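For the sequence shown, position 87 matches number 1473 in my numbering, and the numbering has no gaps at all. The beta carbon of each residue, even a glycine, is placed where N, CA and C say it ideally should be. Source: prediction; values computed, not measured.
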Amino acid sequence: SRTAKKEELIAIDLHEILETSLKMVQLATKSIPIEVIKKFQPIEKIKANPGEIQQVLTNLMTNAFQAMNGREGHLILSSRSLKDFVEIKVSDSGIGIPPKYLNQIFDPFFTTKKTGEGTGLGLNIVYRIVTKYGGTIEVESTKGIGTTFTIKFPKWRNEP
């Protein structure tokens, strides 16, 4: 994945990118009966490259669908505005990540998937893109209950 040039950074609406990413993931995983719950609050725009932010959200949602292993489950997408940040959460009711792996999931080439199912680069790319824009990403997971990724991006400041 190439990195965006400075001039490709624009003020973007995260809700639009969430919706587009969700449609893409649902098309790719249409046989999986997942209930999607949206808990969107009004949020400010962020300054970033839309393609890269879409890559982050698509990747997290794809992982969420895969974690539910084709079983019924739910994906919760939420947003809220904080003092200086915009927060997005992607939660699933999947198998969860074993605690012993939580500090490794953003490492390049780390995967818990079977050979041929994943490269171990998805979450590393997600981490690199989020931090590139001054954001943070955290994960909470309980085995057998699900996983929540929380991303915070700095709010876009319209500078003269």
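Residue i and residue j closer than 8 Å at C-beta
| i | j | result |
| --- | --- | --- |
| Ile1483 | Val1516 | no |
| Ser1467 | Glu1430 | yes |
| Lys1486 | Phe1535 | no |
Residue i - partner residues in DSSP beta bridges
| i | result |
| --- | --- |
| Glu1473 | Arg1466 and Lys1538 |
| Thr1533 | Asp1478 and Ser1527 |
| Ala1397 | Lys1433 |
| Leu1461 | Val1422 and Asp1478 |
| Thr1561 | This structure cannot speak to residue 1561, because the chain is shown only from 1387 to 1546. |
Residue i - containing beta strand (DSSP E), residue span
| i | result |
| --- | --- |
| Leu1479 | Note on residue identity: the sequence assigns Ser, not Leu, to residue 1479. First-last for Ser1479: undefined, no H or E at that position. |
| Glu1421 | Ile1420 to Phe1426 |
| Lys1433 | Ile1432 to Ala1434 |
Residue i, buried or exposed, once every other Cβ within 10 Å from all chains shown has been counted against 16
| i | result |
| --- | --- |
| Gly1552 | Only positions 1387 to 1546 of the chain appear in this structure, which leaves residue 1552 out of reach. |
N-terminal and C-terminal residue of the alpha helix (DSSP H) that residue i is part of
| i | result |
| --- | --- |
| Gly1508 | Gly1508 to Lys1518 |
| field | the segment 1488-1499 touching the segment 1435-1446, judged by at least three CB pairs closer than 8 Å | value | With fewer than three CB-CB distances shorter than 8 Å, the segment 1488-1499 does not count as touching the segment 1435-1446.
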